[in-house]
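Numbering (the numbering used here), first residue to last: 16 to 274.
See structure below.
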């Protein structure tokens, strides 16, 4: 890894703005437990190509939970985890193929609109209340593979439907964490096979993992269980603002007006 390459990465257009967004996403995740991709990607999509944005997010997400994976493995219910990951592995390569051939503007619209839809669903408090059989779990993993591969958000489908599981909360959390960790591993693996895993994007991910990690720490310190509803409202507001400002027709027109 040459010094020139690192300098080139540090000169990436919009890096400071994206770093501040990573910090904000980390803070929100620290006190609410979700929202990283929905805050980060609408902004990152403005400055990075779609594949680069997904690689950067994936690298950042890998750095965070890596230390708690061993404990999650002990708590997880592995048959469900295998089915979820199995379904995801089937659809993820197809979704990544579309991502690699997607225009940046289309990616930005997909990411922002999907984030707004997910926030709308989450804000209603809706949850799936039926038990999922083996086939349904595989299908759910497949849906997450599509949403994760195309828009970088594999988590919400699993969270919305798997929360109805009969397992204890610690098992559900462990399975969710390990599923997302597995998604990151397989996403990088498939992108590497497709020769789409460029070094610059990896370096960007490692650099931006620093403000993301700091944000997680700050958010965790700020967290107060008695104010959980307030934190969720703040998270919803920040995600909504990020998604709206990430819409190309608003963002680009605003830039033209300011310019």
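We put the beta carbon where it would ideally sit given N, CA and C, even for glycine.
None of these values were measured; they are calculated from a predicted model.
Would you call the region 150-168 in contact with the region 94-109, where contact means no fewer than 3 C-beta pairs closer than 8 Å? Yes, since at least three Cβ pairs between the region 150-168 and the region 94-109 fall closer than 8 Å, the two stretches touch.
Inter-residue Cα distance where the pair is residue 147 and residue 30: Counted from its first residue, the chain shown places residue 147 at position 132. Counted from its first residue, the chain shown places residue 30 at position 15. In a straight line, the C-alpha of residue 147 is about 42 Å away from that of residue 30.
Residue 74 versus residue 181 - alpha carbon distance: For this step, residue 74 is matched to residue 59 along the chain shown. For this step, residue 181 is matched to residue 166 along the chain shown. Going from the Cα of residue 74 to the Cα of residue 181 covers about 32 Å.
For residue 85, does the count of other Cβ atoms within 10 angstroms reach 16, so buried, or fall short, so exposed? On the chain shown, position 70 is the one that residue 85 refers to. Exposed.
Terminal residues of the alpha helix (DSSP H) in which residue 241 lies: For this step, residue 241 is matched to residue 226 along the chain shown. That residue, residue 241, is in no alpha helix (DSSP H); it is neither H nor E in DSSP.
For residue 19 and residue 58, I'd like the C-alpha separation in whole angstroms. Taking the chain shown and counting its residues from 1, the one referred to as residue 19 is at position 4. Taking the chain shown and counting its residues from 1, the one referred to as residue 58 is at position 43. Answer to the nearest angstrom: the Cα atoms are 26 Å apart.
Cβ contact check for the region 124-141 and the region 44-56: 3 or more pairs under 8 Å: yes
Mapping DSSP to helix, strand and coil, what is residue 26? If you number the chain shown from 1, residue 26 lands on position 11. Residue 26 falls in the coil class under three-state DSSP.
As assigned by DSSP and simplified to three states, the class of residue 114: Position 99 of the chain shown, counting from 1, holds the residue named residue 114. Three-state DSSP puts residue 114 in a helix.
Which stretch, first to last residue, makes up the alpha helix (DSSP H) that contains residue 127? Residue mapping note: residue 127 aligns to position 112 of the chain shown, counting from 1. Note, residue 127: alpha helix (DSSP H), 119-139.
Assigned secondary structure, residue 273 (DSSP; H/G/I helix, E/B strand, else coil): Sequence index remark: in the chain shown, residue 273 carries index 258 (1-based). For residue 273, the predicted model reports a pLDDT of 43, less than 50, meaning its position is unreliable; a value from the coordinates is still stated below. The answer is helix: DSSP assigns residue 273 an H, G or I state.
Give the DSSP-derived three-state secondary structure of residue 49 in the structure shown. Along the chain shown, read from residue 1 onward, the residue named residue 49 stands at position 34. Correct three-state label for residue 49: coil.
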